[in-house]
Amino acid sequence: MIQIENVSLSYREVPILSDITLSLGKGGITALVGPNGAGKSTLLSLIARLQPLQTGRILVDSLPVNSTASRILARRLAILRQGGAIASRLTVRQLVGFGRFPHHQGRPCAGDIAAVEAALEQFELQALAERFIDTLSGGQRQRAMVAMTFCQGTDYLLLDEPLNNLDMFHARQLMRSLRTIADERQRTAIIVLHDINQAATYADRIVAMRDGRVIADGTPATVLTEDNLEAVFGYRMQIRQIDGTPLVLQHL
Amino acid sequence: MTDIRTSGKWMTKLAACAAFVMLVILSIFIGAGEFSPWQAIHDPAALQLFFASRLPRTVAAALTGAALSIAGLIMQALVRNRFVEPSTAGTAQSAALGILIMTLVFPAASLAMKTLFASILALLGTSIFMMTAHRLPPAQPYLVPLFGLVYGGVIGAVVTFVGWQTELLQFIDIWTNGEFSGVVRGRYELLWGTALMAAIAWWVADRLTVLSLGRDVSIGLGLSYQRTLQLGLVIVSAISALTVVIVGIIPFVGLVVPNLVSRILGDNLRGTIPWVGLSGATLVLGCDVLGRLLRYPYEIPVATVMGVVGAILFLRLMFTRATHA
Chain P
1 MIQIENVSLS YREVPILSDI TLSLGKGGIT ALVGPNGAGK STLLSLIARL
51 QPLQTGRILV DSLPVNSTAS RILARRLAIL RQGGAIASRL TVRQLVGFGR
101 FPHHQGRPCA GDIAAVEAAL EQFELQALAE RFIDTLSGGQ RQRAMVAMTF
151 CQGTDYLLLD EPLNNLDMFH ARQLMRSLRT IADERQRTAI IVLHDINQAA
201 TYADRIVAMR DGRVIADGTP ATVLTEDNLE AVFGYRMQIR QIDGTPLVLQ
251 HL
Chain H
1001 MTDIRTSGKW MTKLAACAAF VMLVILSIFI GAGEFSPWQA IHDPAALQLF
1051 FASRLPRTVA AALTGAALSI AGLIMQALVR NRFVEPSTAG TAQSAALGIL
1101 IMTLVFPAAS LAMKTLFASI LALLGTSIFM MTAHRLPPAQ PYLVPLFGLV
1151 YGGVIGAVVT FVGWQTELLQ FIDIWTNGEF SGVVRGRYEL LWGTALMAAI
1201 AWWVADRLTV LSLGRDVSIG LGLSYQRTLQ LGLVIVSAIS ALTVVIVGII
1251 PFVGLVVPNL VSRILGDNLR GTIPWVGLSG ATLVLGCDVL GRLLRYPYEI
1301 PVATVMGVVG AILFLRLMFT RATHA
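Going line by line, the protein sequences match chains P and H.
For the first sequence, this note's numbering begins at 1 and goes up steadily by one.
For the second sequence, this note's numbering begins at 1001 and goes up steadily by one.
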């Protein structure tokens, strides 16, 4: 379980997060949605100890993130940030293999190699395995990065806009893969998503944020109402129900 | 297609090994003093020449080339920029400043002490460069090497100014213009320290590769980012200081060799460090042999030859795109 207690953060007097308290249970997919600048990415990077906490505290399985050894946390949670350009010429297999680094510190065993192969297969990267990542398209590179994060084999996966650069086929594929690992292996995924319908379809829980605060929190059916969406995104959109899942006509 | 590519890689690796062995042999048998394989077996005086001069010189050139290339590779991983190397980013100049200060303040200090102090100043100078480089906008990769050039130039100017004021300009030339003609038995053994540094670099190669993926990825993978950065800085600084003290600054090696190897083998340091080292040793040996042959029996300093050869290789790198393999 990830517990976020009274977390606030400001950057040069500008508040980014204001007194966030959230509890994210083990298992399932939680989608963070909200307009640009809502503080979603900041919250994710605070959970993943990429930034120091200013006030409040965050616990991952009762381990405080700001005082637990980074190596121990790396076996519990993995994070993929957006736009993390990799300039190194590594092959896809090497890159995905570095996801195992927290487990072997540079001396991979048979289990690590098997995990890499499984991740390559899961994200259909076998054909690209020996290619250098600087020769791939944006979407292929994104898939390789997701595979690396997945390969870390942690209970918690924090993904910041993982659907960036992905075409419809691979976006759907990625969400289905996440659903599979959440259902079959009881992994927990916390994802920043901009496509609200992906969130509606695949997430168990949606946390909607705006201006550093949580506006709505609950199952897709309870969060995705016209009033809530207007409060978060600033305009009214129509919602249809398809087989019990809300479909937001965000583009109209 | 994969087969052609892999066999191509092996051909390149084999060629690199062959070139290295050939240059070692050439380096041993070329020089002003007469020395042939026949004499090596029968003439004790010739053997003396071999152990006192030819062998030390060859070993020194190989060690220097390998170490400088590996230092360049590590620096590029630390800064995450392909166009930096110790001799163009203030590291070598800071080391030269260090020896200059030692020569002025403690002229009686041993070579090892001078090297240690030079390493400390190199570390300091490189740390300042790194702190500044990390603040430069990442969207403009050429700013970092440009800043490095200016920064190294300023420190170099301080060295020259102090040297001029204290009438030590001749010494400064020895440190800033690398050459191997002064290398004889008893005067180069400290260079083995660079081999130790290269070995440490290979030992922590995976950590350095993770570091090159950036701060966020490093922390996400549980790497102690700051400590690895510091270790890398120590390796780079020690290699620079050792080579500056014993051989002098040699430009371009740390820049072109890692880039050329990266084109073919990529950036997974565990696999590339040995090849970067071997290629660097080959290049510096080659330039030293060339410098001995061009005006035989006189010599051209290796730094001068490398200035020309390195510049040509660098231009080639700039004008040919990476092969998409």
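Think of the CB as a built atom: it goes at the ideal place given N, C-alpha and C, for glycine as much as any other residue.
Values in this document were obtained by computation on a predicted structure and should not be read as measured data.
Practice task
Examine chain P for any beta-carbon lying closer than 8 Å to the beta-carbon of R1316/H, and answer yes or no.
Solution key: Judged by the 8 Å Cβ criterion, R1316/H is not in contact with chain P.
Problem - Cutoff 6 Å; reference E1299/H; Cβ partners in own chain excluding five residues on either side - result: S1181, G1291, R1292
Exercise for the section: Taking the CB atoms as reference points, tell me whether L32/P and L46/P lie closer together than 8 Å. Expected result: no
Problem - Any C-beta of chain P under 8 Å from that of T1002/H - result: Bear in mind that the predicted position of T1002/H carries a pLDDT of just 48, short of 50, making it too unreliable to give a figure here.
Handout entry: Nearest-angstrom Cβ-Cβ length linking V232/P and G34/P, presumed shorter than 8 Å
Key = 6 Å
Problem - Within 8 Å, strictly: CB atoms of I260/P and S23/P - result: Here chain P covers residues 1 to 252 and nothing more, so residue 260/P does not appear.
Exercise for the section: Using a Cβ cut-off of 8 Å, pull out every chain H residue sitting near G138/P, in sequence order please. Expected result: None at all; the shortest Cβ gap to chain H is about 15 Å.
Practice task
Verify whether the separation of the beta carbon atoms of Q198/P and L163/P is less than 8 Å.
Solution key: yes
Exercise for the section: Measure the Cβ-Cβ separation of V1210/H and L1196/H and say whether it is below 8 Å. Expected result: no
Practice task
Taking M237/P as part of the alpha helix (DSSP H), name the residues at either end of that continuous run.
Solution key: Element bounds for M237/P: n/a, residue is neither H nor E.
Practice task
Go ahead and pull the three-state DSSP assignment for M1/P.
Solution key: coil
Exercise for the section: Taking all protein chains shown into account, decide if S1036/H is buried (16 or more other Cβ within 10 angstroms of its Cβ) or exposed. Expected result: exposed
Practice task
Below 9 Å between beta carbons is the criterion; list the residues of the stretch 49-77 of chain P that meet it against any residue of chain H, in chain order.
Solution key: R49, L50, A69, S70, R71, I72, L73, A74, R75, L77
Practice task
Report the rounded CA-to-CA distance for L94/P versus N1268/H, giving the unit in angstroms.
Solution key: Reading the sequence as shown, one finds Gln at residue 94/P and not Leu. Going from the Cα of Q94/P to the Cα of N1268/H covers about 8 Å.
Problem - Residue-level contact to chain P via CB, I1172/H, 8 Å cutoff - result: no
Exercise for the section: Could you spell out where the alpha helix (DSSP H) holding Y156/P opens and where it closes? Expected result: Note, Y156/P: premise wrong, no alpha helix (DSSP H); beta strand (DSSP E) at 156-160.
Exercise for the section: With 7 Å as the C-beta to C-beta threshold (strictly closer), list the residues of the stretch 1060-1071 of chain H near chain P in chain order. Expected result: none
Handout entry: Sub-8 Å separation of I20/P and V223/P beta-carbons
Key = no
Handout entry: Simplified DSSP assignment, three categories, for P102/P
Key = helix
Exercise for the section: Specify the secondary structure class of Y11/P as computed by DSSP and reduced to three states. Expected result: The DSSP-derived three-state label of Y11/P is strand.
Exercise for the section: Tell me, please, whether the CB atom of R1227/H is closer than 8 Å to any CB atom in chain P? Expected result: For R1227/H, no CB of chain P lies under 8 Å from its own CB, so it is not counted at the interface with that chain.
Exercise for the section: Could you work out which residues of chain H lie near A87/P, taking near to mean beta carbons separated by less than 9 Å? Expected result: The contacting residues are R1080, N1081, R1082, P1141, S1212, L1213, G1214, D1267.
Problem - Classification of S1007/H by the beta-carbon crowding that lies within 10 angstroms, buried from 16 upward - result: exposed
Problem - Cβ neighbours of L1097/H in the same chain (closer than 7 Å, five flanking residues each side left out) - result: L1121, I1155, V1158, V1159
Problem - Own chain, CB closer than 7 Å to P1251/H, minus 5 neighbours either side, in chain order - result: Contacts found: S1087, A1303, M1306, G1307, G1310.
Problem - For C1017/H and L1169/H, the rounded distance between their alpha carbons - result: Here the alpha carbon of L1169/H sits roughly 39 Å from the alpha carbon of C1017/H.
Practice task
Could you tell me whether any Cβ in chain H is nearer than 8 Å to the Cβ of P102/P?
Solution key: Yes, because at least one Cβ of chain H sits closer than 8 Å to the Cβ of P102/P.
Practice task
Starting from the beta carbon of S1262/H, find every residue of chain P whose beta carbon is closer than 7 Å, and list them in chain order.
Solution key: R89
Exercise for the section: Mind checking which residues open and close the alpha helix (DSSP H) that includes G1271/H? Expected result: 1269-1294
Handout entry: 4-residue-minimum alpha helix (DSSP H) runs that sit fully inside the stretch 1007-1031 of chain H, ordered along the chain
Key = none
Exercise for the section: Measure from the alpha carbon of R1080/H to the alpha carbon of each residue in I86/P, I79/P, R75/P, then state which is nearest. Expected result: I86/P
Exercise for the section: Determine the contact status of R57/P and P64/P, defining contact as a CB-CB distance below 8 Å. Expected result: Taking 8 Å as the cut-off, the Cβ atoms of R57/P and P64/P count as close.
Exercise for the section: Output yes if chain P places a C-beta closer than 8 Å to the C-beta of I1025/H; else output no. Expected result: I1025/H has a beta carbon lying at 8 Å or more from every beta carbon in chain P.
Practice task
Leaving aside the five residues before and after R1215/H along the sequence, list all residues of the same chain whose C-beta is less than 7 Å from its C-beta, in chain order.
Solution key: Excluding residues up to 5 positions away in sequence, Y1225 lie with their Cβ nearer than 7 Å to the Cβ of R1215/H in the same chain.
Problem - Per-residue DSSP class, three states only, for H1324/H - result: A caution first: H1324/H carries a pLDDT of 42, below 50, which makes its placement in the model too unreliable to give a value.
Practice task
Return the chain-ordered ranges of every beta strand (DSSP E) run that is complete within the stretch 149-234 of chain P and spans a minimum of 3 residues.
Solution key: 156-160, 188-192, 205-210, 213-218
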